[in-house]
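So the structure is just underneath, and the comments pick up after that.
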DNA sequence: CGGAGGTTTGACGTCCCTCAAGGTAGGTGG
DNA sequence: CCACCTACCTTGAGGGACGTCAAACCTCCG
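Chains as they are written, first to last, in my numbering: chain X, 0 to 180; chain G, 0 to 180.
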């Protein structure tokens, strides 16, 4: 979403495998843009097919519904991040959430993961300038908590990272497996 | 949602008629608290009944789904508010959104509405201290844009308020009537 | 070689928080 | 009636976190 001056606010980050913009199905029109930061492969789900699913497969419908509400749970957490955390906590929280989601989908093991974002992108997710993101990453590095170089993040002290971020992955509903309903 | 020190971040404000916590149906457990700021009357919708609805009434199911995605649209806007607006814009945006929603449900006509919140509550919605909310309300008052006294808000110059808030009510999906699908 | 995009660092400014004091209105008990 | 409390709002002074501006560096690429 862009403000009047054209400055961007990221409201979500989609990872490989995510159902992008399923919100557009019940809502019909969308209030934000979707853009890709990397090369992507896309499969399309026509609204007519989705409507058929909601006619014939109640259980599958609830699963689709669930996946949009998982997005909503992340939105709530992003509100918390922006409203209650300082810059260091925001960056830490963003990294922690992204790592958890990558692990859940099998795209990361251990404490390293690829994050093809610039510091400016991270700033747009966390309501910060790229410059201050740079400072916060340095702080995390200096404190031996996490490092990021060449688009690769490594957690050196996950517990301290979580504490700074006030992060608790419960809201990602992972322990039940992604699809509960 | 509370941070470690017990400071609260509001992530949503429900108005009379809203379906509170419908998210809890597909999600099963919830990652935030629900509290009332005023006296309320409550009707309960048992999950068993909702499950029956999703079995037998696809159209009604899509309407319920839609209403949760309207919440999600507001979450996105709250993220934008916290990430990209300054204090004056945040307060203005919060007032503008609440007014629009009240008008949509017939609970406000014209440019006045009752808002039974303290300045501390508004601060918890906007990521500000009660003290700075007080200063921003004074600013809006001094500039002849909006006033709030005794829990009643009045818009004196709605256009300027919208401009400060970078507010566009499209995301509330009101022009189609609340229930599109 | 030059240029573009990204990162880092320093100096400085400002927005908002913190702390403190005082004001008002309502409620309770004398 | 006054005295006193609580909750909320207001205002001022000072400080800190983050933004802005500028400069330098690096890598990649043509």
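Here a beta-carbon is modelled for each residue, glycine too, at the ideal position from N, C-alpha and C.
Can you list, in chain order, the residues of its chain with a C-beta nearer than 6 Å to that of residue i? Leave out the 5 residues immediately preceding and following it.
{"i": "residue 104 of chain X", "result": "16"}
{"i": "residue 14 of chain G", "result": "100"}
{"i": "residue 151 of chain X", "result": "113"}
{"i": "residue 111 of chain X", "result": "153"}
{"i": "residue 131 of chain X", "result": "86"}
{"i": "residue 127 of chain X", "result": "86"}
{"i": "residue 72 of chain X", "result": "170"}
{"i": "residue 50 of chain G", "result": "none"}
{"i": "residue 146 of chain G", "result": "140, 153"}
{"i": "residue 9 of chain X", "result": "123, 124"}
{"i": "residue 93 of chain G", "result": "124, 125"}
{"i": "residue 129 of chain G", "result": "118, 119, 122"}
{"i": "residue 173 of chain X", "result": "103"}
Using 8 Å as the limit for Cβ to Cβ distance, is residue i near chain X?
{"i": "residue 65 of chain G", "result": "yes"}
{"i": "residue 135 of chain G", "result": "no"}
{"i": "residue 157 of chain G", "result": "no"}
{"i": "residue 78 of chain G", "result": "yes"}
{"i": "residue 113 of chain G", "result": "no"}
{"i": "residue 168 of chain G", "result": "no"}
{"i": "residue 22 of chain G", "result": "yes"}
{"i": "residue 0 of chain G", "result": "yes"}
{"i": "residue 120 of chain G", "result": "no"}
{"i": "residue 126 of chain G", "result": "yes"}
{"i": "residue 164 of chain G", "result": "no"}
{"i": "residue 10 of chain G", "result": "yes"}
{"i": "residue 141 of chain G", "result": "no"}
{"i": "residue 116 of chain G", "result": "no"}
{"i": "residue 68 of chain G", "result": "yes"}
{"i": "residue 72 of chain G", "result": "yes"}
For residue i and chain G, any beta-carbon pair shorter than 8 Å?
{"i": "residue 26 of chain X", "result": "yes"}
{"i": "residue 16 of chain X", "result": "no"}
{"i": "residue 109 of chain X", "result": "no"}
{"i": "residue 48 of chain X", "result": "no"}
{"i": "residue 5 of chain X", "result": "no"}
{"i": "residue 33 of chain X", "result": "no"}
{"i": "residue 44 of chain X", "result": "no"}
{"i": "residue 160 of chain X", "result": "no"}
{"i": "residue 151 of chain X", "result": "no"}
{"i": "residue 37 of chain X", "result": "no"}
Compare the Cα-Cα distances from residue i to each of the options and report the closest residue.
{"i": "residue 135 of chain G", "options": "G:160, G:111, G:113", "result": "G:160"}
{"i": "residue 32 of chain G", "options": "G:7, G:51, G:54, G:45", "result": "G:7"}
{"i": "residue 45 of chain X", "options": "X:86, X:18, X:39, X:62", "result": "X:18"}
{"i": "residue 1 of chain G", "options": "G:22, G:76, G:30", "result": "G:30"}
{"i": "residue 70 of chain G", "options": "X:26, X:55, X:106", "result": "X:26"}
{"i": "residue 24 of chain X", "options": "G:125, G:66, G:53, G:47", "result": "G:66"}
{"i": "residue 12 of chain G", "options": "G:98, G:84, G:43, G:140", "result": "G:98"}
{"i": "residue 61 of chain G", "options": "X:4, X:35, X:22", "result": "X:22"}
{"i": "residue 3 of chain G", "options": "X:10, X:83, X:115", "result": "X:83"}
{"i": "residue 117 of chain G", "options": "G:148, G:53, G:42, G:172", "result": "G:148"}
{"i": "residue 121 of chain G", "options": "G:42, G:36, G:167", "result": "G:36"}
{"i": "residue 42 of chain X", "options": "X:52, X:54, X:59, X:20", "result": "X:20"}
{"i": "residue 138 of chain X", "options": "X:53, X:90, X:57, X:74", "result": "X:90"}
{"i": "residue 28 of chain X", "options": "G:39, G:68, G:56, G:48", "result": "G:68"}
{"i": "residue 181 of chain G", "options": "X:47, X:39, X:54", "result": "Any property of residue 181 of chain G remains undetermined from this structure, which presents chain G solely from 0 to 180."}
{"i": "residue 168 of chain X", "options": "X:52, X:158, X:77, X:96", "result": "X:96"}
Spatial neighbours of residue i within its chain, please: C-beta separation below 8 Å, excluding the five flanking residues on both sides.
{"i": "residue 108 of chain X", "result": "102"}
{"i": "residue 88 of chain G", "result": "80, 163, 164, 165"}
{"i": "residue 75 of chain G", "result": "170"}
What did DSSP end up calling residue i once you bin it into helix, strand or coil?
{"i": "residue 166 of chain G", "result": "coil"}
{"i": "residue 73 of chain X", "result": "helix"}
{"i": "residue 2 of chain X", "result": "coil"}
{"i": "residue 66 of chain X", "result": "helix"}
{"i": "residue 117 of chain G", "result": "coil"}
{"i": "residue 44 of chain G", "result": "coil"}
{"i": "residue 152 of chain G", "result": "strand"}
{"i": "residue 79 of chain G", "result": "helix"}
{"i": "residue 146 of chain X", "result": "strand"}
{"i": "residue 112 of chain X", "result": "strand"}
{"i": "residue 28 of chain X", "result": "coil"}
Under 7 Å Cβ to Cβ from residue i, same chain only, skipping five residues before and after it: list those, please.
{"i": "residue 143 of chain G", "result": "155, 156"}
{"i": "residue 115 of chain G", "result": "36, 37, 150"}
Item to check | Residues of the stretch 81-105 of chain X whose Cβ lies closer than 8 Å to any Cβ of chain G, in chain order | outcome: Those would be 81, 82, 83, 84, in chain order.
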